[in-house]
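**Q** Take this structure first; my questions come after.
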Amino acid sequence: SALYILKNVKTKKVICVDIWDKYDDSFKDQNLKMFEDFKSNLDEFTKKFSFFKSTSDEYFANNDSNKFDIIYIDGWHESAQVYKDINNSWNSLNINGLIICDDYFYGDIRLNNDSNLPANAINKFLFEKKNKIKVICVNNTQIFMKKISN
């Protein structure tokens, strides 16, 4: 997604946050390969992007000054973390900025016993911010939300 934005959208800077290979787990080698591919894919844009190997919680806890026009959320898919990611993003989003949440239709929300889906967190957030947010678009995997007031 960062490569797409850098190639197709006029932007000053793209900031990427991911844990990649930060933690020792069974996917460390695979995640290290993905991180190396990520850096290689963005070689031509070295001055237009930066990255942080951290969780979104860590990044936003240390983000005092950056305000964003677009924030793309595609992280941990458990409802509680998605909810935290959206709220953290909201606090760093400019008025008229967009939050794009990927995997809105991840899982099956119709199942009564599956409340741990991204859509549940996103819908809760939308309800809480109903007078401060406008849904711009919903497609087959994403929802685009515009911040219209604090």
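Its first residue numbered 26, the sequence shown is counted upward by one per residue in our numbering. C-beta: ideal position from N, C-alpha, C; glycine also. Computed from a predicted model, the values in this text were never measured in an experiment.
Using 8 Å as the cut-off, can you tell me whether the stretch 59-79 makes contact with the stretch 39-50, which would need three or more C-beta pairs spanning the two stretches below that distance?
**A** The stretch 59-79 is in contact with the stretch 39-50.
**Q** Can you look up serine 75 in the DSSP assignment and give me helix, strand or coil?
**A** Taking the first residue of the sequence shown as position 1, residue 75 is located at position 50. Serine 75: strand per DSSP, three-state reduction.
**Q** Can you tell which of Ser65, Phe93, Ser104 and Asp128 has the C-alpha that lies nearest to the C-alpha of isoleucine 120?
**A** Reading the sequence shown from its first residue, position 95 is the one you call residue 120. Residue Phe93 is the option with its Cα nearest to isoleucine 120.
**Q** CA-CA distance, lysine 172 and asparagine 145?
**A** Walking along the sequence shown from the start, residue 172 turns up at place 147. Walking along the sequence shown from the start, residue 145 turns up at place 120. When rounded, the distance between both Cα atoms is 19 Å.
**Q** Using only alpha-carbon positions, find the residue among Trp101, Lys159, Ala86 and Glu153 that is nearest to asparagine 141.
**A** Residue mapping note: residue 141 aligns to position 116 of the sequence shown, counting from 1. Of the candidates Trp101, Lys159, Ala86 and Glu153, the one whose C-alpha sits nearest the C-alpha of asparagine 141 is Trp101.
**Q** To the nearest whole angstrom, what separates the beta carbons of alanine 27 and leucine 57, a pair I think is in contact under 8 Å?
**A** Reading the sequence shown from its first residue, position 2 is the one you call residue 27. Reading the sequence shown from its first residue, position 32 is the one you call residue 57. Their Cβ separation, rounded to whole angstroms, is 18 Å, which puts alanine 27 and leucine 57 out of contact at 8 Å.
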